[in-house]
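Per the working numbering, residue 3 is the first one in the sequence shown, and the count goes up by one each step. Ideal placement from N, C-alpha and C gives every residue a C-beta, glycine not left out. Data block below; observations after.
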Amino acid sequence: MKRSIIVGNWKMYATSIADAHILTTSIRNHVADIKDVEIILAPPTIWLSEIAQILKQSRKTRLAAQNMFYEPDGAYTGEISPLMIKEVADYVILGHSERREYFSETDLEVNEKVVAAIKAGITPIICVGEKTKGSTIGQPLKELQEALAGISKTHHKDILVAYEPIWAIGTGKNADPAYVAKVVTKLREVVSVHTPILYGGSVNSSNIASYADRPEIDGVLVGGASVRAAEFVKICKIWSETKSLQPRAKEVK
Ligand code: 13P
């Protein structure tokens, strides 16, 4: 069966450990019975160890870091290495447009990080997306190709891709699901059938069903709505229910 994945990117929200605690516990308790969807939380890195403890008994919910450095160790003040992330999380978000914009991350750095994540046994969630609505899909395609430079196809099952058009992030202007399906189909030419491709950009409980309806889209990367527990749980439930109404996707060989 095709995988279904929902990632909550908390960005730099949940600014106290108490808030992070309440949010995690509430999500953990309410998603336990949701079927056939993998749930991944990406809290601020400083909360990862604490949250890992809260999720210890939960087989449903996994953890992601929001970023990492590519060197395994060394004199890099303020950075966090793949080996450190590996201790507490299974996934890492890489190449998010906010990192590219505010921290000047280049395609080459994203590629180095993807290589380092795979080497450390962490699944990268590679974010790509164009800046302007209506532009060609050249930018996300190029970003994905560059992120995967030098990575053999055998590793494509070890990565996740998130198509996040920048104009849709945090704007309330989510991309049309038919358009997303078209872009995803194009991105799929670069990766393998085993690579889940998600959509991100103003996803909420009102529009989630329209993405779940599209067999091309394997999940969503949720930002703002992921730090509101009830809303995030609702997104996960609607996704699961909508997918369950569709004919079962065939086993991918
Ligand atoms: P919003 O859901 O807030 O638009 O953010 C999307 C995003 O950037 C997830 O990584």
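If GLU275 sits next to PRO167, beta carbons under 8 Å apart, how far is it from one beta carbon to the other, in whole angstroms? With the chain represented from 3 up to 255, any question about residue 275 goes unanswered, as that position is not in the structure.
Beta-carbon separation of GLY203 and ILE171 under 8 Å? Result yes, Cβ atoms of GLY203 and ILE171 sit closer than 8 Å.
Under a Cβ-count criterion, where at least 16 other Cβ atoms within 10 Å of its own Cβ denotes burial, should SER99 be classed as buried or exposed? buried
Span separating the alpha-carbon of TYR201 from that of LYS135: When rounded, the distance between both Cα atoms is 15 Å.
Local conformation of GLY123 per DSSP, three classes: coil
Tell me whether GLY97 counts as near the ligand 13P, meaning its Cβ is closer than 7 Å to at least one heavy atom of that ligand. For the ligand 13P, not one heavy atom lies less than 7 Å from the Cβ of GLY97.
Beta-carbon proximity list for LYS184, same chain, < 6 Å, skipping 5 on both sides: Correct list: empty, nothing qualifies.
With distances taken between CB atoms, is the gap from ILE210 to TRP241 smaller than 8 Å? yes
Unbroken beta strand (DSSP E) run spanning GLU40, endpoints: In the DSSP annotation of this structure, the continuous segment of the beta strand (DSSP E) that includes GLU40 starts and ends at 40-44.
Return yes when the C-beta of VAL205 is under 7 Å from any heavy atom of the ligand 13P, and no when it is not. yes
Rounded to whole angstroms, what is the Cα-Cα separation between VAL205 and VAL229? 12 Å
Looking at the strands, I want to know which residues DSSP matches up with CYS129. ALA164
Among residues of its own chain, excluding the 5 on either side of ALA271, which ones have a beta-carbon nearer than 7 Å to its beta-carbon? There is simply no residue 271 to check, as the chain begins at 3 and stops at 255 in what is shown.
On the DSSP bridge assignment, give the partners of TYR213 in chain order. In DSSP, TYR213 forms no bridge with anything.
Let me check you understand the geometry: is the CB of ILE41 closer than 7 Å to at least one non-hydrogen atom of the ligand 13P? no
Check ILE171 in the structure and name its three-state DSSP category. Correct three-state label for ILE171: coil.
For a test of the three-state rule: what should DSSP assign to LEU143, helix, strand or coil? helix
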